[in-house]
């Protein structure tokens with residue numbers, strides 16, 4: 001059973017702040033309108049608490065940073081092992097020129113400040129969507145999902161592969177490809193204090209293959225702060241492998257990546273336990289697709305999915321859906337924010353990931369003799385290249 005504690009009184013928890021599977025043993029905290037705590041039998045599981053942050057970023061980089069800093073401090077006070085920020089955590093420009101002009105390099109001033117607060121608070125931070133300036137092509141920055149460890153070092157960096165271009169005549173026009181360039185490699189899940197995390201970004205959420213790839217790579221948690229696009233016309237490219245963090249091996253994605261299941265599957269194959277999708281979904285697409293896509297990536301990859309999101313009105317031309325959330329490998333929403341700037345907290349139980357995968361070994365049941373995931377992956381000398389596991393092809397029926 002679950003309960004809600006407000007003003008020292010106990011209420012049955014039946015609101016939309018979080019949902020759960022009764023078979024799941026988990027303890028979560030959600031900070032939305034008030035402090036909410038639900039606890040159940042812990043057993044002998046190893047649990048780790050995380051914080052998922054929801055922002056309304058604008059063009060004021062300094063103001064945005066101060067809000068992020070305060071959230072990191074709140075997460076530290078809650079004894080969290082890792083904090084997840086959404087896509088565009090650094091800023092949302094008012095136009096194309098501002099989106100390009102405010103971009104900074106990975107080792108620039110703003111990132112050094114985030115490294116400092118990570119080290120000062122001894123906490124891991126997932127930054128889902130830095131406008132990462134390329135000194136060789138300064139007018140076309142990357143959209144980078146960066147994981148910083150508790151020493152302030154970069155544990156993993158994933159450049160968004162799928163750029164979100166959307167045009168609904170008379171309603172909305174958002175062409176990410178006009179002010180950002182796509183990444184060129186896959187990133188395997190990374191081990192974090194809360195589990196093995198698969199990285200994606202936003203639009204990646206639409207593509208189940210990415211979630212399944214992360215699962216095949218060992219992901220226990222899928223993170224979707226932004227978008228990830230697989231370009232079949234590209235001759236060769238490398239995926240960014242998951243990164244080891246204090247909460248588990250993390251697979252990186254960004255926003256639009258959420259629509260591409262291939263990326264999640266790739267991260268799972270690379271050992272991801274968690275998939276991260278820092279995002280900035282529009283109101284229209286968020287209302288219709290946000291939660292269903294996140295839950296689908298969690299279920300098919302059997303990973304935790306962590307989705308820190310932008311929310312609210314950024315400027316006269318742009319608003320975001322919000323509803324940051326954490327989903328367990330069974331597909332249950334275990335923590336969720338509303339539509340305002342806030343944080344939610346959830347514990348990551350890697351033993352539950354292992355138990356579920358053993359109980360329902362869907363990856364052992366895949367019919368690779370009939371269908372496979374095709375990933376154009378180059379051996380970089382660090383990750384072994386296995387034809388049967390990493391690169392697949394369609395075999396015509398004779």
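In UniProt numbering, the protein residues as written are 1 to 398.
In this text, a Cβ means the ideal position worked out from N, Cα and C, and glycines have one as well.
Nearest to residue i by CA position, among the options, is which residue?
i	options	result
residue 123	148, 104, 157 and 360	148
residue 163	333, 170, 178 and 150	178
residue 243	60, 341 and 196	196
residue 152	107, 130 and 258	107
residue 81	118, 97, 114 and 98	118
residue 306	313, 315 and 294	294
residue 218	180, 311, 191 and 208	191
residue 284	168, 202, 188 and 187	168
residue 286	339, 72 and 186	339
residue 303	70, 317, 351 and 315	351
residue 366	356, 128 and 216	216
residue 225	270, 159, 87 and 208	87
residue 316	173, 85 and 333	173
residue 126	358, 85, 356 and 357	85
residue 68	104, 96, 128 and 360	128
residue 130	202, 364, 150 and 208	202
residue 214	249, 270 and 185	270
Among the residues of its own chain, which have a CB less than 6 Å from the CB of residue i, if the five just before and after it don't count?
i	result
residue 212	261, 264, 265, 268, 300 and 301
residue 353	220, 273 and 329
residue 75	51 and 83
residue 327	294, 295, 298, 305 and 333
residue 159	142, 144 and 183
residue 357	302
residue 21	With a pLDDT of 29 at residue 21, under the threshold of 50, the modelled position of that residue is not reliable, and the figure given next carries that caveat. Closer than 6 Å at the Cβ level, and outside the excluded window around residue 21, lie 330 and 332.
Suppose the cutoff is 8 Å on Cβ atoms and the five residues either side in sequence are ignored; what does the same chain contact list for residue i look like?
i	result
residue 386	Annotation note: pLDDT 42 at residue 386 (below 50); position unreliable, no value reported.
residue 400	Nothing can be reported for residue 400: it is not among the residues displayed for the chain, which extend from 1 to 398.
residue 313	56 and 319
residue 337	30, 32, 52, 54, 309, 311, 322, 323, 324, 325, 343 and 344
residue 140	100, 134, 179, 180 and 181
residue 154	106, 146, 147 and 148
residue 230	With a pLDDT of 30 at residue 230, under the threshold of 50, the predicted position of this residue should be treated as unreliable, and no value is reported.
Quick check: is any heavy atom of the ligand MG less than 7 Å from the C-beta of residue i?
i	result
residue 107	Within the structure as shown, the ligand MG is missing, as the structure has no ligands at all.
Could you spell out where the alpha helix (DSSP H) holding residue i opens and where it closes?
i	result
residue 119	109-121
residue 71	61-77
residue 267	261-267
residue 283	283-301
Which same chain residues, not among the five before or five after residue i, have their C-beta less than 7 Å away from its C-beta?
i	result
residue 193	48, 81, 82, 124, 245, 246 and 247
residue 98	59
residue 331	295, 298 and 299
residue 93	59, 99 and 102
residue 210	200, 204, 228, 253, 257, 260, 261, 262, 263, 264, 265, 266 and 267
residue 115	148 and 152
residue 165	175, 176 and 177
residue 290	281, 321 and 323
residue 61	90, 91, 102 and 110
residue 113	65
Just reading off the beta strand (DSSP E) that residue i is part of, what are its end residues?
i	result
residue 353	That residue, residue 353, is in no beta strand (DSSP E); its alpha helix (DSSP H) goes 350-359.
residue 130	124-132
residue 99	Where residue 99 is concerned, there is no enclosing beta strand (DSSP E), although the alpha helix (DSSP H) it sits in stretches over 96-101.
residue 240	Where residue 240 is concerned, there is no enclosing beta strand (DSSP E), given that its DSSP letter is neither H nor E.
residue 156	154-159
residue 48	47-54
residue 145	142-148
residue 91	Note, residue 91: premise wrong, no beta strand (DSSP E); not H, not E.
residue 249	248-256
residue 276	274-276
residue 165	165-168
Could you tell me how far apart the beta carbons of residue i and residue j are, in whole angstroms, since I believe they sit closer than 8 Å?
i	j	result
residue 254	residue 292	The pair is not a contact, with the Cβ atoms about 19 Å apart (cut-off 8 Å).
residue 183	residue 223	Contact doesn't hold; Cβ gap of about 15 Å is too wide.
residue 144	residue 132	4 Å
residue 170	residue 276	At roughly 34 Å, the Cβ-Cβ gap does not stay under 8 Å, so residue 170 and residue 276 are not in contact.
residue 399	residue 161	Residue 399 lies beyond the stretch modelled for the chain, which goes from 1 to 398, so this question has no answer here.
residue 121	residue 72	6 Å
residue 241	residue 189	7 Å
* **Within the region 188-229, ranges of the alpha helix (DSSP H) (whole runs, at least 4 residues)** => 208-216
* **beta strand (DSSP E) segments (min. 3 residues) lying fully within the region 304-357** => 304-307, 311-315, 318-321, 325-327, 333-336 and 342-349
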